[in-house]
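Trainee: Protein chains in written order, with our numbering: chain A, 26 to 241; chain B, 6 to 403. This is the structure, below, for whatever I ask next.
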Amino acid sequence: MQIQLENLVPIPLKDKVLQRSSDIWNKEVSFTPGSFVKIKAPSGTGKTTLIHYLYHIRYDYTGKVLINGKLWQSYNKELIATMRQQQVSVIFQDLRIFEQLTAEENIELKRVMIPQPYCTTEKIREMAARLNVTHVLAQSGKTLSYGERQRIAILRALSQPFQWLIMDEPFSHLDDENAQRAADLIAEECRTRGAGFILTDLDHDSRFAYDTHYNL
Amino acid sequence: MRPFFGLIKKIIQTGIGRTRLIMATVGFGIAMLLMLLAIQVHTDSNQLLYSRKNQNETADFLLINKQITNAMMGESAKSEFTPEEIADIQKQPFVEAFGFITSNKFKVTAAAPGDLHFYTDMFFESVPDAFIDVKNEDWKWNTGDNTIPIILPNDFLNLYNFGFALSQGLPQISQETVKALPMKITISKGLDVQEFSGRIVGFSDRISSILVPGNFMEWANHKFGDGTVTAPSRVIIKTKDPSNPVLVKYLNDKGYTTNQDKIKHSMTILIVQTIVSVIGFFGVILFLFALLVFSMFIQLVVVSCKREIQLLVTLGTAPRQLRRYLMWQFIPLYVITGIVALLILAGLQWWASNVLAANKMFIDPMLSLVTFGAAVLVLLLVYLVNQLNVRKYVGEVS
């Protein structure tokens, strides 16, 4: 799955974005499939906005987001759903966990969304053990701490097949040790799928062997 | 897809307004029952009317005339059928055969022979032979014959035997005796008089009139009549089923009358059909309201779970999956309701067929295919309306 940006400018941030130089906004960018991409972005530069544009849940921009050479807007809802089930996965900054489900059900929901699940339940439990969240799996989403939610969101994103993983500050609520464990798991899962990721964060970090760095 | 739906069930709560849904479902069940009942009763009553099993005769004859009202008295022309009216009757689907009743245009008197001292003015009518239920070799007349064969109504002899004779102390007479009695028939027009000998050749149950052969009537009307052709005021039709509501309605609409007893059965059925039509109409109204409540319920569910549905879609749930899930929440309910309504109706039908059979009326103990078809159609309609609503509301939030 090819992701390209052409002169992408968020309408609410237009003035701000055009005043400063950016590697992404108002540029032509092509993300190479399978590559690990880091986008470093100070607060208020439209980091989350960019993630939402890439995942196509916000549309208030000028310019183009091209997926396999076609505008996001040209895909219909059913097709977008299929792509979100099979080709592109996401970890939101605000995590978006269903509070009426348990932690495990939150992951399961995404796993069984496709008729033939990509991961087995054992695989999920194994990954949960690696992220030290086995003990919260049966807990209701409501009672999870932010750190736990974040790891559940990561596991949820990894339970499906994808070619691109889009992450918005995925370790913001984790300590360094847990963040590194999560990063190692993510890197491993991307490699087995031959997939790439786009990660946005506030600061510089060396948790992954990034192929490309951008400044927003 | 099943485990996924199990999880969605925890997210999209269809439990809200459960009582409303149950009430709507009960309403839908009743509506379905009423509509199907109306259809089934129509089928049953048609079966009662037209089925061979329920018919004692394969065809019936009706004498039809215009109702004599006070306004028409003294103006005999008003009771005559115009050619247009006759053509109209003839082209009605229930008319299998049609004939005029011709009356005499001359004066007729009859006298008993010998010492009986019986003398009366009388009249003749004639109908085409095909309509006469008396089959007799003597029923013929050729020009020049001095004997006229006559058919009397059976009622006529009965009136005499059981009414007149008993009260007046006169002897009762058998059909054979009457047939053996020669009558002196005198036909006249002014001074032109001719005498005939009349012979009763049979008694008719079908036509209550004094009948003579058509060719005699023609000849006599020509010879003794005033030359004008008068339109007939009575006609006779042959029909498969005198209870046919279409026939009864036609007669009523046109202001014609006939032997009311023969069509009474049909009136009862007509009333029953009208009542069940009203019931069916209320069923339809109730059904529409049930549909409305279902639609509102779907809207309520979708709107109250708007955020959840949006997150599901964000995570990659296809609107198609959501629609299928929502449909699965409702459709089994409808199908079960439909089946229950059909079962209740089947029970009623079986019961009714037993009760009617005891009274020598036969209807099918099973529900008709039309009823099943209607049930399927109603369910299909509910399905479509639901599909439309689910598509609309899911489309709005996703």
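No residue lacks a Cβ here, since even glycine has one placed at the ideal position from N, Cα and C.
Compare the C-beta of ARG312(B) against all C-beta atoms of chain A and say whether one is closer than 8 Å.
Mentor: It does not; no Cβ of chain A falls within 8 Å.
Trainee: In chain order, what residues of the segment 117–134 of chain A put their CB closer than 7 Å to some CB of chain B?
Mentor: Answer set for the segment 117–134 of chain A: ARG121, PHE123, GLN125, LEU126, GLU130, GLU133 and LEU134.
Trainee: Any idea if HIS77(A) is buried or exposed, counting beta-carbon neighbours within 10 angstroms, 16 or more meaning buried?
Mentor: Buried, by the Cβ-count rule.
Trainee: Identify the contact partners of LYS95(A) in chain B, using a Cβ-Cβ distance below 7 Å as the criterion.
Mentor: Those within 7 Å of LYS95(A) in chain B number zero; the least Cβ separation is about 19 Å.
Trainee: My guess is that PHE187(A) and ALA220(A) are in contact by the Cβ rule of under 8 Å, so how many angstroms apart are they, rounded?
Mentor: Confirmed, about 5 Å.
Trainee: Provide the residue span of the beta strand (DSSP E) that contains ASN159(B), from first to last.
Mentor: Careful: ASN159(B) lies outside any beta strand (DSSP E), inside the alpha helix (DSSP H) at 159–163.
Trainee: Going by the CB atoms, is the gap between LEU338(B) and ILE303(B) shorter than 8 Å?
Mentor: No.
Trainee: DSSP three-state label for GLY400(B), please.
Mentor: If DSSP states are grouped into helix, strand and coil, GLY400(B) belongs with the helices.
Trainee: Report the residues of the segment 8–22 of chain B with a CB closer than 7 Å to any CB of chain A, ordered along the chain.
Mentor: Here the close residues are PRO8, PHE9, LEU12, LYS15 and ILE16.
Trainee: Would you kindly check if the distance between the Cβ of GLN44(A) and the Cβ of THR73(A) is under 8 Å?
Mentor: Cβ atoms of THR73(A) and GLN44(A): not closer than 8 Å.
Trainee: Report the rounded CA-to-CA distance for LEU252(B) versus GLN72(B), giving the unit in angstroms.
Mentor: Distance between the alpha carbons of LEU252(B) and GLN72(B): 16 Å.
Trainee: Along the chain, where does the beta strand (DSSP E) containing TRP189(A) start, and where does it finish?
Mentor: Note, TRP189(A): beta strand (DSSP E), 189–193.
Trainee: Could you tell me whether any Cβ in chain A is nearer than 8 Å to the Cβ of ARG325(B)?
Mentor: True, the Cβ-Cβ gap to chain A drops below 8 Å.
Trainee: Would ARG312(B) be called buried (16 or more neighbouring beta carbons within 10 Å of its own) or exposed?
Mentor: Looking at its Cβ environment, which holds fewer than 16 other Cβ atoms inside 10 Å, ARG312(B) is exposed.
Trainee: Would you say ARG232(A) lies against chain B (beta-carbon separation less than 8 Å)?
Mentor: Answer no: the Cβ-Cβ gap between ARG232(A) and chain B never drops below 8 Å.
Trainee: Residues of chain A with CB closer than 7 Å to the CB of SER403(B), please, in chain order.
Mentor: Correct list: LYS102.
Trainee: Since THR191(B) is in the beta strand (DSSP E), which residue starts that stretch and which ends it?
Mentor: Start and end: 187–194.
Trainee: Between THR322(B) and chain A, is any beta-carbon pair separated by less than 8 Å?
Mentor: Closer than 8 Å: yes.
Trainee: So the beta strand (DSSP E) GLU101(B) belongs to, where does it begin and stop?
Mentor: Premise fails: GLU101(B) is in no beta strand (DSSP E) and is neither H nor E.
Trainee: Is it right to say ARG176(A) is buried, meaning 16 or more other beta carbons lie within 10 angstroms of its own, or is it exposed?
Mentor: The residue is buried, with at least 16 neighbouring Cβ atoms inside 10 Å.
Trainee: What residue does the beta strand (DSSP E) around ALA115(B) start on, and which one ends it?
Mentor: Element bounds for ALA115(B): 112–116.
Trainee: Identify the continuous alpha helix (DSSP H) that holds VAL340(B) and give its terminal residues.
Mentor: 324–363 is the extent of the alpha helix (DSSP H) around VAL340(B).
Trainee: Which residue marks the beginning of the beta strand (DSSP E) containing PHE208(B), and which one marks its end?
Mentor: That run of the beta strand (DSSP E) goes 197–209.
Trainee: Excluding five sequence neighbours on each side, which residues of the same chain lie with their C-beta closer than 7 Å to the C-beta of GLU62(B)?
Mentor: Because GLU62(B) carries a pLDDT of 48, less than 50, the predicted location of this residue cannot be relied on, and no value is offered for it.
Trainee: Under the three-state reduction of DSSP, which class applies to LEU38(A): helix, strand or coil?
Mentor: In the structure shown, LEU38(A) sits in coil (DSSP, three-state: anything other than H, G, I, E or B).
Trainee: Kindly identify the DSSP beta-bridge partner or partners of GLY221(A).
Mentor: Bridge partners of GLY221(A): TRP189(A).
Trainee: Just checking, does the segment 85–97 of chain A make contact with the segment 27–40 of chain A on the three C-beta pairs under 8 Å criterion?
Mentor: At 8 Å Cβ cutoff, the stretches touch.
Trainee: Mind checking whether PRO237(B) and GLU85(B) have CB atoms under 8 Å apart?
Mentor: Result yes, Cβ atoms of PRO237(B) and GLU85(B) sit closer than 8 Å.
Trainee: Whose CA, out of THR74(B), PRO154(B) and LEU384(B), lies closest to the CA of THR342(B)?
Mentor: The shortest C-alpha separation from THR342(B) is found at LEU384(B).
Trainee: Under the DSSP definition of a beta bridge, which residues are partnered with MET366(B)?
Mentor: Per DSSP, none; premise fails for MET366(B).
Trainee: Hey, how far is the Cα of LYS135(A) from the Cα of LYS397(B)?
Mentor: Approximately 25 Å, taken between the alpha carbons.
Trainee: Taking all protein chains shown into account, do 16 or more other C-beta atoms lie within 10 angstroms of the C-beta of GLY207(B), making it buried, or fewer, making it exposed?
Mentor: GLY207(B) comes out buried.
Trainee: In chain B, which residues lie with their C-beta within 7 Å of the C-beta of GLN110(A)?
Mentor: Within chain B, the residues near GLN110(A) are GLY321.
Trainee: Which term fits GLY79(B), buried or exposed, when burial requires 16 or more other beta carbons within 10 angstroms of its beta carbon?
Mentor: Label assigned to GLY79(B): exposed.
Trainee: Quick check on TYR84(A): buried or exposed, where buried means 16 or more other Cβ atoms within 10 Å of its Cβ?
Mentor: Under this definition TYR84(A) is an exposed residue.
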